[in-house]
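In terms of numbering that gives the first Met the number 0, the sequence shown has 38 at position 39, counting the first letter as 1, and numbering is strictly consecutive.
Even for Gly, the Cβ is constructed at its ideal location relative to N, Cα and C.
Keep in mind it's a predicted model, so treat the numbers as computed, not measured.
So the structure is just underneath, and the comments pick up after that.
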Amino acid sequence: MKHRFRVVEEQDCTVAVAIGAYLDCEHYVHLHRSIMTKLSIDKVEGRKVTWRQGLRWLGFLKITQTFVMEYFPPGHFKSYDMKAYPRWLPQFHHFVKTVMDVRYTKHPQRDATVMTFDCEMDMPFFLWPFRNVFQGIVEKMHHLKDQEDLDMIHRRDKFFGRGNINSYLAEGQFLLFKDDYVAHFAHEAQRAQPATAAELNA
Ligand SMILES: [Fe+2]
């Protein structure tokens, strides 16, 4: 039985910044430590990354999972094939197959980003009464992660100026799928503005 839900949010940043932050995986464990205990990459095949990730559900329940994240440039990320790690450990993913989809698109009226999060949970009938509980947990964790990212983005705005992606494009900066990122967003480096003294002191 499939339960689907969607969250749409306007984010106060450019699409290039939102996607740069997503691909800047070196920040994940440090910034998102409230929900993530560890993270490593098991495999990379083309635009598919197999992650091994430790999560903290509701702040205390620790699980480890593997999943595939596939990137469809410029702003679409799909996560699927979620499995318990180790495989034999009884866990949520043995019963519920989850697919998550995140898209970043330009806001039609403003210089902002629309984040669309879609989730599908395929579960057996005996878990169906708990679907709203599962949805609540996923929504809460996703919102928390997004809020931490936006706080980081706004801190960076103060130093580099809003929309400045030069640090993501810099030669020494590691990003996932950096060739794709550069191909789609390098032109935005030209409009980057350094922060003013007023912005730095704000
Ligand atoms: Fe993040």
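How is residue i classed by DSSP in three states: helix, strand or coil?
{"i": "G53", "result": "strand"}
{"i": "L30", "result": "helix"}
{"i": "Y84", "result": "coil"}
{"i": "R154", "result": "helix"}
{"i": "F59", "result": "coil"}
Would you call the CB atoms of residue i and residue j closer than 8 Å?
{"i": "F116", "j": "H141", "result": "yes"}
{"i": "R46", "j": "Y70", "result": "yes"}
{"i": "T65", "j": "Y84", "result": "yes"}
{"i": "K203", "j": "V48", "result": "Beyond the ends of the chain as shown, which are 0 and 201, falls residue 203; an answer cannot be given."}
How about residue i: is its Cβ closer than 7 Å to a heavy atom in ligand 1?
{"i": "D148", "result": "yes"}
{"i": "Y103", "result": "no"}
{"i": "H142", "result": "no"}
{"i": "H203", "result": "Residue 203 is absent from the model: the chain starts at 0 and stops at 201."}
Given residue i, which residues of its chain have a CB within under 7 Å of its CB, disregarding the five upstream and five downstream residues?
{"i": "K144", "result": "H31, I34"}
Report the CB separation of residue i from residue j in whole angstroms; it is logged as a contact under 8 Å.
{"i": "H92", "j": "M99", "result": "Not confirmed; about 13 Å, so no contact."}
{"i": "V137", "j": "D121", "result": "In fact, because the Cβ distance is near 14 Å, the residues do not count as touching under 8 Å."}
{"i": "G162", "j": "T13", "result": "5 Å"}
Excluding the 5 residues preceding and the 5 following residue i in the sequence, name in chain order all residues of the same chain whose CB lies nearer than 6 Å to its CB.
{"i": "S208", "result": "What is shown of the chain runs 0 to 201, which leaves residue 208 out entirely."}
{"i": "A15", "result": "I164, F184, E187"}
Quick check: does the Cβ of residue i come within less than 7 Å of any heavy atom belonging to ligand 2?
{"i": "Y27", "result": "No copy of ligand 2 appears in this structure; the ligands present are ligand 1."}
Take residue i and list the residues in its own chain whose beta-carbon comes closer than 8 Å to its own, dropping the five residues that flank it on each side.
{"i": "H26", "result": "A20, M151"}
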